[in-house]
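Just so we're aligned, residue 576 is where the sequence shown starts under our numbering, counting upward by one.
Backbone N, C-alpha and C fix where the C-beta goes; we use that ideal spot for every residue, glycine too.
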Amino acid sequence: MFVQVSWKIFRGNWFHLLLLVILICEAWKCLLLVECFSKSR
């Protein structure tokens, strides 16, 4: 059910999905950076 709804939303809207992936990658990079910074201190 949920997957079907998500597919309906993103089918004609792959750009938003791409944006979401980029956003998650950026957030992950920031998280890793903060972790490295706090370890080095």
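Taking the alpha-carbon positions, what's the W582 to N588 distance? 9 Å
Do you know offhand how far L594's Cα is from C600's? 10 Å
What does the alpha-carbon distance come out to for the pair L608 and L598? 15 Å
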